[in-house]
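Just below is one structure, and these are the notes that go with it.
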Amino acid sequence: MSDDFKQKLQDYRDGKLTDEEHADLERELEKMEVYQSYLDETLGRDDNNEDFKHSRRGKPSIQEEQMHRREKKLLRRGKWKVRFGTVLTLMSLFIWFTVLSAIGTGIYYTAGDPDLGDIDRDVIESAIAVGYPNTSVHLSSNAGPYFNMKVNSSITKRVGDEYVQVGDFSASFLFSWMRLYHFSWSDSVATQSGLFQFPGTEGSSSDQEWNKLEKLPEGTVAEAYVSYNRLYTTDEILQRFKGKSMDPVWFAVDNGDGSDRSGRDNNVVMSPIGFPANPVWHPDDGKISNRSEQKTGIFSLMGTSTTSYPDLDMYGSGELRDENFIKTLRILTEHKYIAKQLIPFVDMKQTLEYVEKHGVHIYGAVVTGPTKEILKLKNDPEVSGIHVGKVTLWNWHE
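Using this note's numbering, you'd call the opening residue of the sequence shown number 5 and step up by one each time.
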């Protein structure tokens with residue numbers, strides 16, 4: 005048998021022959037089978053030979069069985085090649101879809117000024133700032149493929165002159181739908197409720213809280229929730245802290261029936277609404293200056309800019325603060341789905357309507373400072389109650 009013929013047989017087995025070559029080789033193999041049969045007869049092979057019997061009964065010969073086995077192998081190999089090709093095609097499509105969706109996600113969340121990513125982060129930060137006294141987050145975001153964006157931040161409270169971490173927050177967006185969110189509190193004090201009592205009602209006694217302040221040592225600073233027996237404008241409440249060695253950090257605002265109140269004589273506000281002393285500035289509140297861009301790649305730019313926000317008088321600027329608070333309520337009303345998830349017990353639309361009609365009036369404040377300075381509020385005739393929050397070691401700077 006020549007090497008060329010052996011190579012043809014090898015190519016036949018591997019399915020590499022063209023249709024014409026495949027037909028020619030099969031004709032040659034048939035000739036060889038006829039020749040082999042002739043040799044068997046001339047050499048006197050017994051008629052009882054098993055191969056001959058099989059052929060007489062119509063059963064395939066050994067050569068035919070070998071041919072069928074080769075064909076089955078070729079069919080199996082062809083099927084696996086098709087399956088493998090299908091898998092590779094699907095994987096390629098999946099990779100391309102992932103790449104294209106990642107590009108689309110980046111465009112989606114960065115489109116506009118402010119972009120959608122900034123808007124979603126602003127809504128969450130605003131909701132937490134107005135619905136959780138003396139609590140703030142500063143979100144960072146990561147946009148992935150399939151139009152998903154994840155945001156996360158540590159949750160902090162100001163105690164004394166420092167911001168203390170009390171937990172973590174994370175959320176996931178699909179387009180602009182916040183489908184998942186999670187508060188992970190590391191401090192049980194941060195989750196307390198019933199911190200304020202409304203003016204004109206008989207509040208529960210604060211004797212235990214005052215005693216707590218008396219027993220705390222000098223070298224500590226505290227967070228305290230102070231309730232007043234009347235309503236104040238923003239400027240009026242700020243003036244009450246002028247000259248005191250403590251800072252107001254959050255103000256509880258009367259929102260009519262927009263918040264749940266429960267307890268004896270309906271006096272305890274379970275879900276207060278308010279605003280921080282340092283306003284939540286929104287993306288369109290600032291003025292951008294010193295903008296510069298630097299090319300970092302063929303299709304990428306890196307930009308830097310400086311944003312300035314309105315100046316505030318520490319014990320004034322009430323009108324500006326009120327406008328910022330009302331604007332925040334409008335944003336939360338517009339994005340009511342996110343607001344309802346994060347502040348479930350406050351009717352944001354009703355709150356906005358009430359505040360727009362009656363103005364911003366404050367009945368309580370979260371203050372922080374040296375423990376013994378806060379204790380002096382016990383002698384203030386307009387203070388109706390107090391609740392002590394988080395306490396830490398001294399970090400106050402006069």
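Every residue gets a Cβ at the ideal spot worked out from N, C-alpha and C, and that includes glycine.
query: Do W100 and V225 have their C-beta atoms within less than 8 Å of each other?; result: no
query: Buried or exposed, going by whether 16 or more other CB atoms sit within 10 Å of the CB of L333?; result: buried
query: Over what stretch of residues does the beta strand (DSSP E) that includes G389 continue unbroken?; result: V387 to L397
query: Would S96 pass as an interface residue toward chain C - the criterion being a Cβ-Cβ separation below 8 Å?; result: The structure shown has no chain C; it contains just one protein chain.
query: May I have the straight-line CA-CA distance separating I390 from V359, to the nearest angstrom?; result: 25 Å
query: E327: which of M318, H339, F349 and H286 sits nearest, CA to CA?; result: H286
query: Pick from G198, V230 and K83: whose alpha carbon is nearest that of K2?; result: A query on residue 2 cannot be resolved here, the shown segment of the chain reaching from 5 to 402 and no further.
query: Between the beta-carbon of S180 and the beta-carbon of L143, is there less than 8 Å?; result: no
query: Measuring CB to CB, does V170 end up less than 8 Å from D191?; result: yes
query: Return the residue from the list V103, E68, G89 and G198 that minimises the CA-CA distance to M36.; result: E68
query: Looking at the secondary structure, which residues open and close the beta strand (DSSP E) in which A131 lies?; result: Unbroken run through A131 is the alpha helix (DSSP H), L120 to G135; no beta strand (DSSP E).
query: Would you identify the three-state DSSP class for A27, choosing helix, strand or coil?; result: helix
query: Thinking C-alpha only, which one of K12, V387 and D126 is nearest D288?; result: D126
query: Could you check whether E213 and V392 sit closer than 8 Å to each other, using their CB atoms as the reference points?; result: yes
query: Looking at the unbroken beta strand (DSSP E) that takes in M153, where does it start and where does it end?; result: N152 to V163
query: Please report the distance separating the alpha-carbon of R87 from that of S96.; result: 14 Å
query: Mapping the DSSP letters down to three states, classify S192 as helix, strand or coil.; result: helix
query: Quick check on S209: buried or exposed, where buried means 16 or more other Cβ atoms within 10 Å of its Cβ?; result: exposed
query: By how many angstroms is the C-alpha of T109 removed from the C-alpha of S388?; result: 52 Å
query: Just tell me which of L178, A194, S176 and N146 has its CA closest to the CA of I159.; result: A194
query: Whose CA, out of M250, P252 and M274, lies closest to the CA of N259?; result: M274
query: Which residue from G82, I277 and T238 puts its Cα closest to that of P348?; result: I277
query: What does G368 pair with, by DSSP beta-bridge criteria?; result: S231 and A256
query: Indicate the three-state DSSP secondary structure (helix, strand or coil) for L220 in the structure shown.; result: coil
query: Can you tell which of D165, V134 and L184 has its C-alpha closest to the C-alpha of F173?; result: L184
query: Report all residues from its chain with a CB closer than 6 Å to the CB of D122; omit the five preceding and five following residues, and keep chain order.; result: P287
query: Let me know the secondary structure DSSP gives N138 once reduced to three states.; result: coil
query: Spatial neighbours of T337 within its chain, please: CB distance less than 7 Å, with the 5 preceding and 5 following residues excluded, ordered by chain position.; result: M352, K353 and L356
query: Would you list the one or two residues that DSSP bridges to Y236?; result: I366
query: CB-CB under 6 Å to V168, same chain, minus the five flanking residues each way: which ones, in chain order?; result: K161
query: Which residue comes first and which comes last in the alpha helix (DSSP H) that contains Y341?; result: K340 to L346
query: So what does K85 bridge to, in DSSP terms?; result: DSSP, once it has assigned bridges, lists no residue as partnering K85.
query: Go ahead and label P385 buried or exposed: buried means 16 or more other beta carbons lie within 10 angstroms of its beta carbon, across all protein chains shown.; result: exposed
query: Report the rounded CA-to-CA distance for N422 versus Y113, giving the unit in angstroms.; result: Only positions 5 to 402 of the chain appear in this structure, which leaves residue 422 out of reach.
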